[in-house]
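Worksheet: one structure, shown below.
Number of protein chains: 2
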Amino acid sequence: MVPHLITALTGPINELEQRMLDAMPAIERWFRLEWMEHTPPFYTSAHLRNAGFKLAPVNTNLFPRGWNFLSEDMLPLAVQAAIAAIEKICPEARNLLIIPENHTRNLSYLANLVQLQRIFQRAGLNVRVGSIDPGVKKATRIELPNGDTVVLEPVMRTGGRLGLKHFDPCTILLNNELATGTPGILEDLYGQYLLPPLHAGATVRCKSKHFRCYEEVGKRFGKMLGIDPWLIHPISAPCEDVDFVQGAGMERLQTEVDALLTKVRRKYKEYGIHEKPFVILKADQGAYSMGAMPVHDAKELEALNRKARSKMAVTKDGMPVQAVLIQEGVPTQERVHESAAEPVVYTMDRYVIGGVYRVHPERGTNENLNAPGASFVPLAFTHGTQMPQPGVRPGTSAPNRFYMYGVVARLAMLAASYELEATDPNAEVYD
Amino acid sequence: MVPHLITALTGPINELEQRMLDAMPAIERWFRLEWMEHTPPFYTSAHLRNAGFKLAPVNTNLFPRGWNFLSEDMLPLAVQAAIAAIEKICPEARNLLIIPENHTRNLSYLANLVQLQRIFQRAGLNVRVGSIDPGVKKATRIELPNGDTVVLEPVMRTGGRLGLKHFDPCTILLNNELATGTPGILEDLYGQYLLPPLHAGATVRCKSKHFRCYEEVGKRFGKMLGIDPWLIHPISAPCEDVDFVQGAGMERLQTEVDALLTKVRRKYKEYGIHEKPFVILKADQGAYSMGAMPVHDAKELEALNRKARSKMAVTKDGMPVQAVLIQEGVPTQERVHESAAEPVVYTMDRYVIGGVYRVHPERGTNENLNAPGASFVPLAFTHGTQMPQPGVRPGTSAPNRFYMYGVVARLAMLAASYELEATDPNAEVYD
């Protein structure tokens, strides 16, 4: 366990926790039935925020990195989940190709690759890392400070198949969110499984679509559990055709922000919450959240200076922002060593593997923690998500708290499944 | 880790370990393909013996008890495996009924029931314990020393279905090896899954059939891995129509024992093993091993006194012994606190969950450790079976050793799958 972690073990969130614990068999059965109809995304990391009065996902990453931050205890679960996933996708698989982010010499990211490679090797695959970065022209061996090594090899396209020299994979696992668009080399592959699919790429996906799916999932789950879905759902609305630099669409944005703040204010009143509501503005598409901005009053948008506007105008990969997602801000009540912290829950296939805390010492509880200076603290979620302790008083048991986190993370994963089904360009349409 | 455990990390077994590590992707794929054709037994515990020169299963229990001895670290793996198993068997399941052994007031066995109940509750089922012991006439609540409680309820048969008052299960899990035969109340159930099936019961199963299947599995696995299957297989032969009390069939038994000892002696010579070979005689059917007897020379059988003969004549549940399994004795080279120890590996669905050591302070390395006075030491197999460490020198890494144990345990599980398919009275026959 992480020392000095405050997981907000008090407050109304305890009622939610108790409700979920009491309904555990019903919840698990509900997921089981959902997975009969829907295919889970291959892997995800769900970023949650625990406000003490609600618990909601704020981002569902379909190309999760940071597997290296998971504690050793969680790896056997990841291996077991990987075995289950492979068995379903391609039971005859021998070879798996991992496609990493481009242009990365980030040692932490490379350690993430080593960890993914380890997990899939233990699950019984030959695993190699093939870069689509045109700068990688030959196999490059990189030694990490802990003695691990990773070899980046240039991918080769041969007809309809992607591989490496003398390595023809059955499955290609993207750990690259395709932040600058879909590279042609990945298109029209023949007879190979590409996971996640290309339409999960950051420039194709819309966050607003994801949260519309999440809203639907949350409503159905809330009905089953007998709770107000707002307790697990951040109110979200898209706003299209916004140009921060030219100032086009700003009035509409202001109106929408105001409308959303009014909704949140009403909910705060209903629940007797005395904090000041706020929203977060994010680019609806593109690598997530770097331009995310908290807004407490629609008027703040009028007063945006040039610097703030140009920061919002592009994603971290330099893609222009055209549509904005306005999302209810969920303050975090969690701290690690006095720093604001938010849980990140990892899933593979339909299983919760574990989690880490993202911690930022310089950011407030209303701010986005995905920013330079953030660090990760592995958290022994292990027993947590799978081993809740019914009968223990709510708010006093970390395993019970983490069971709830695992449930909400799976709701986010389920929403991603709905989303990918709805946006699949190759989906068969039955009319 | 268990202190003072000597897992025989030296000797020729290291070559086997190295071979398995090197072939990990091939081994895992081999199992994946096998599970496409065969259904894994719901759960098993495989009792292994590591002789330093070979590693072989000596018993594959299809109604494993002792789940309470597994360390806490292993439970999330059990929950995840249970989720996978339920999803395949009955994804709509709400209720699971566990049928325990009869006549048990053994606190350790009851703790095992609590643990099983906990695992399946976490996997999302309402779980209750229904006894088929006619002595259980009303719900009986038993408190365990650690504060856990278990409620034994009398089962009710209503038409074709078995359940409890106001509890209609979809799946019935036997944790009762049916040592005195198949009770009528379990026969001809309608629309309910009974796991394991009745033909896995101790009085129906033949150990000789299991080991014939294991021999087949071992040969195929050995061929794939390029090893002599004897390294993972105890030579076994059945001997029918033996009556220890009347002395009938004893000459034939002596001949068979002698023949098997000769085979083992030949193998010992081939591998330069200087120990004295021996065989173990077991009742071919019935609750296992209580009458198991080591024999170093066929002539010993002539000199058996009345007491020894009558001990062999019945199983621990008083069932008469008619057929005998003669099995190559595998001495154990493992010790916990200077006591002879043997690993017991638990599986659920196709997954290795973890393991414990069975330890007997008063038994020799050639003797059966399943006897009064035996105890169990939970062993942190967790990382072991899923997280081997390639590149580490063989014989120095417990995780690598336990990976090998997990492989051999899965071979035993696969043999049980073959066995249950071959002995299924309802199997469809294609001619």
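These protein sequences, in sequence, are chains W and X.
Quick note: the first sequence uses my numbering, first residue 1, plus one each step.
Quick note: the second sequence uses my numbering, first residue 1001, plus one each step.
Where is the CB? At the ideal position from N, CA and C, for every residue including glycine.
The model shown is predicted, which means the values in this text are computed figures rather than measured ones.
Closest Cα partner of residue i within the set the options
i: Gly329 (chain W); options: W:Lys267, W:Arg309 and W:Gly355; result: W:Lys267
i: Gly163 (chain W); options: W:Val127, W:Glu338, W:Glu143 and W:Gly135; result: W:Val127
i: Arg1358 (chain X); options: X:Val1344, X:Met1348, X:Val1279 and X:Gly1364; result: X:Val1344
i: Gly1247 (chain X); options: X:Arg1306, X:Asp1258 and X:Lys1223; result: X:Arg1306
i: Leu152 (chain W); options: W:Asp133, W:Gly52 and W:Val129; result: W:Val129
i: Gly1195 (chain X); options: X:Val1155, X:Lys1219 and X:Leu1097; result: In the sequence as displayed, the identity of residue 1195 (chain X) is Leu instead of Gly. For Leu1195 (chain X), the nearest C-alpha among the options comes from X:Leu1097.
i: Thr140 (chain W); options: W:Thr104, W:Asp73, W:Gln121 and W:Arg161; result: W:Thr104
i: Gly364 (chain W); options: W:Ile353, W:Ala398 and W:Ser339; result: W:Ser339
i: Gly272 (chain W); options: W:Lys54, W:Phe42 and W:Glu300; result: W:Lys54
i: Met1020 (chain X); options: X:Met1250, X:Ala1415 and X:Tyr1405; result: X:Tyr1405
i: Arg1220 (chain X); options: X:Ala1081, X:Tyr1403 and X:Ala1412; result: X:Ala1412
i: Ala1237 (chain X); options: X:Gln1254, X:Ala1078 and X:Pro1100; result: X:Gln1254
i: Thr1423 (chain X); options: X:Asn1106, X:Asn1146, X:Met1024 and X:Lys1207; result: X:Lys1207
i: Arg157 (chain W); options: W:Thr60, W:Arg401, W:Gly184 and W:His360; result: W:Gly184
i: Ile232 (chain W); options: W:Glu101, W:Glu367 and W:Leu48; result: W:Leu48
i: Asn370 (chain W); options: W:Pro294, W:Asn426, W:Val408 and W:Phe402; result: W:Pro294
i: Thr1044 (chain X); options: X:Gly1052, X:Asn1176, X:Val1114 and X:His1166; result: X:Asn1176
i: Glu362 (chain W); options: W:Gly354, W:Met348 and W:Val336; result: W:Val336
i: Lys165 (chain W); options: W:Leu189, W:Ser131 and W:Pro145; result: W:Ser131
Amino acids of chain W, ordered along the chain, whose beta-carbon sits closer than 7 Å to that of residue i
i: Asp1073 (chain X); result: Asp73
i: Glu1028 (chain X); result: Ala123 and Gly124
Residue i at chain W interface by Cβ criterion, 8 Å
i: His1383 (chain X); result: Bear in mind that the predicted position of His1383 (chain X) carries a pLDDT of just 45, short of 50, making it unreliable; the figure below should be weighed with that in mind. Yes, contact with chain W.
i: Leu1116 (chain X); result: no
Neighbouring residues, chain W, relative to residue i (Cβ below 8 Å)
i: Pro1025 (chain X); result: Arg94, Gln121, Gly124, Leu125 and Asn126
Min CB distance residue i to chain X below 8 Å
i: Met404 (chain W); result: no
i: Tyr351 (chain W); result: yes
i: Ser289 (chain W); result: Annotation note: pLDDT 48 at Ser289 (chain W) (below 50); position unreliable, no value reported.
Chain A within 8 Å of residue i, Cβ atoms only
i: Met1036 (chain X); result: The displayed structure is made up of protein chains W and X, and chain A is not among them.
Rounded Cβ spacing between residue i and residue j (contact assumed at less than 8 Å)
i: Tyr1193 (chain X); j: Cys1213 (chain X); result: The pair is not a contact, with the Cβ atoms about 23 Å apart (cut-off 8 Å).
i: Pro1064 (chain X); j: Tyr1346 (chain X); result: 6 Å
i: Thr1332 (chain X); j: Gly1286 (chain X); result: Rounded, the Cβ-Cβ distance is 24 Å, inconsistent with contact.
i: Trp67 (chain W); j: Arg350 (chain W); result: So it is not a contact: roughly 18 Å between Cβ atoms.
i: Ala85 (chain W); j: Leu420 (chain W); result: At roughly 15 Å, the Cβ-Cβ gap does not stay under 8 Å, so Ala85 (chain W) and Leu420 (chain W) are not in contact.
i: Met250 (chain W); j: Leu281 (chain W); result: Contact doesn't hold; Cβ gap of about 11 Å is too wide.
Contact list for the segment 119-131 of chain W against chain X, Cβ threshold 9 Å: Gln121, Arg122, Ala123, Gly124, Leu125, Asn126 and Val127
- request: Mind checking the segment 1081-1106 of chain X against chain W and listing, in chain order, the residues whose C-beta falls within less than 9 Å of any C-beta there?
  value: Ala1081, Ile1083, Ala1084, Ile1086, Glu1087, Pro1091, Glu1092, Ala1093, Arg1094 and Asn1095
task: Check each residue of the segment 191-221 of chain W: if its Cβ is closer than 8 Å to any Cβ of chain X, include it; give the result in chain order.
output: none
Under 9 Å (Cβ pairs) to chain X, residues found in the segment 31-61 of chain W: Phe31, Arg32, Leu33, Trp35 and Met36
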